[in-house]
Amino acid sequence: MDANQIVSAKVKETVTAARQALDSEDSLLFENFSQQIRELEEMTREAFQLKVWDDYKAILIKLENKETLTGDELEMLKLLIVGEARYYLKYENNLEDWRNELNRLSNEIEWLDIGGLDDIDSLLHLQALCRDARGVLPDITFYFAEKERLGRFEVAVSGTLNNTARQTLIEVLKAMMKSNKM
Amino acid sequence: MVDTYDVDKKINELVDKATLTFKKETEAQYQELQTYVQGLEGLAREAFQARLDKMYWPIIEKLEEGKALTTAEHNILELLMVGEAKYYLQYEHKIQDWRDELKRLLEEIRKQQAAGLDEIDSLMRIRALCREALRVLPDIAYYFRERERLRKFEEVTRDAIDVETRRALANLIKDMMESDEL
Chain A
3 MDANQIVSAK VKETVTAARQ ALDSEDSLLF ENFSQQIREL EEMTREAFQL KVWDDYKAIL
63 IKLENKETLT GDELEMLKLL IVGEARYYLK YENNLEDWRN ELNRLSNEIE WLDIGGLDDI
123 DSLLHLQALC RDARGVLPDI TFYFAEKERL GRFEVAVSGT LNNTARQTLI EVLKAMMKSN
183 KM
Chain B
923 MVDTYDVDKK INELVDKATL TFKKETEAQY QELQTYVQGL EGLAREAFQA RLDKMYWPII
983 EKLEEGKALT TAEHNILELL MVGEAKYYLQ YEHKIQDWRD ELKRLLEEIR KQQAAGLDEI
1043 DSLMRIRALC REALRVLPDI AYYFRERERL RKFEEVTRDA IDVETRRALA NLIKDMMESD
1103 EL
């Protein structure tokens, strides 16, 4: 089986796990579904790395030899280092919902405070609102982390690369292609 | 001992922090806001436990001595053990949205698979979709886990509680009251 077939087989497995979970209301089935998604993400990354291997080697050699990258090579370098962030930001369209939800929760917390926190009911309600906010905050934080990472990268490669930036890119590229996490 | 004045003060800090965060929108600001929310949740929990301070010792004694609890005591036991879960489930209304979002993401993954995985673009798109699914799945798994926890508690305490469960409950209450995390 080649990499694409492996990814395709994993998609089928994931779809089965998803159906089982979505037809149920069982936390364990949703945890299994999460695991399948993590594996699919990993396999997709590996298939992607295999596809860009030749370009990666050519870019690495040019960077090591301090040669100037062409426009296409620069685009490929962007895809290699911040491609995942770019695609994530391009397709993620929940930001406004998250902002509204956080705003709503913040207002509810304020109202609860105005109403008084003397009874047990208010304190448990407050805990529930905090738990809700903790569900949204990692998503919105991740969104801005990726956006800032992309911005920093664009700035770093916008002009002529100095030796430090070049060396950093070489190290990041090598680490990414070796790692099974990046 | 924490009182509602501390919680009230923390809410004011949180609201100010949230206002600033919504204006600045950076990863660092949102991370700090998460810390504030965690802090407030911890304080609300401690204030809640402080409020029950005089009520839980008689319950522990009764549980240890094998005596039957009154309805009021049973209600307090329920608040102590699964009150947070009950309130969370009562105020969390996004479960259907999460399910719909998962179904949409899965459908998108299947569309990419059907269109073929030869292009780098398709692989990057699948990675982004996996990332989105991994954002929703912990919320939905947590929701069902809390629901299962609540159901188990109701099952265990519906009829006469056996000696072993009584001891376990008494120890759990002691641990909860001593711990900063529970």
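Chains as they are written, first to last, in the working numbering: chain A, 3 to 184; chain B, 923 to 1104. Ideal Cβ positions, reconstructed from N, Cα and C, are used throughout, including at glycine.
Per DSSP, what kind of secondary structure is GLY85 of chain A in: helix, strand or coil? helix
Need the endpoints of the alpha helix (DSSP H) that LYS185 of chain A sits in, please. Beyond the ends of chain A as shown, which are 3 and 184, falls residue 185 of chain A; an answer cannot be given.
Where in the region 109-163 of chain A do unbroken runs of the alpha helix (DSSP H), each at least 4 residues long, occur, reported from the N-terminal end onward? 122-158
Taking ILE142 of chain A as the query, report the chain B residues whose CB atoms sit under 7 Å from its CB, ordered along the chain. TYR952
Can you list, in chain order, the residues of its chain whose CB lies under 7 Å from that of GLN971 of chain B, leaving out five sequence neighbours each side? MET1099
So SER10 of chain A contacts chain B; which residues on that side make the cut at Cβ distance below 8 Å? GLN1035 and LEU1039
Can you have a look at ILE111 of chain A and say buried or exposed, based on whether 16 or more other CB atoms are within 10 angstroms of its CB? buried
Count the other CB atoms, across all protein chains shown, that sit within 10 Å of the CB of GLN7 of chain A; report buried if there are 16 or more and exposed otherwise. exposed
In terms of residue numbering, what span does the alpha helix (DSSP H) encompassing LYS1016 of chain B cover? Run containing LYS1016 of chain B: none; DSSP gives neither H nor E here.
Neighbourhood of VAL174 of chain A by C-beta, 8 Å cutoff - its chain only, sequence neighbours within 5 removed: ILE83
How would you label HIS1015 of chain B, buried or exposed, when you count the other beta carbons within 10 angstroms and need 16 or more for buried? exposed
Is GLU66 of chain A near the ligand SAH, in the sense that its beta carbon is under 8 Å from a heavy atom of that ligand? Only the bare structure without any ligand can be found here, which leaves the ligand SAH out of the picture.
Distance cutoff 9 Å, beta carbons only. Does PHE1066 of chain B sit that close to anything in chain A? yes
Spatial distance of ASP4 of chain A from ASP1040 of chain B (CA atoms): 11 Å
Tell me which residue opens and which closes the alpha helix (DSSP H) that THR1087 of chain B is part of. 1085-1100
Please classify LEU1039 of chain B: does DSSP put it in a helix, a strand, or coil? coil
Closer than 9 Å to chain B by CB, ARG40 of chain A: yes
Near LEU962 of chain B, which residues of its chain fall below 6 Å by C-beta distance, leaving aside the five closest residues on each side in sequence? LYS932 and LEU936
Spatial distance of ASP1097 of chain B from MET1003 of chain B (CA atoms): 11 Å
Would GLU1000 of chain B pass as a contact of PHE1075 of chain B if the rule is Cβ separation under 9 Å? yes
How would you call ILE116 of chain A, buried or exposed, if buried means at least 16 neighbouring beta carbons within 10 angstroms? exposed
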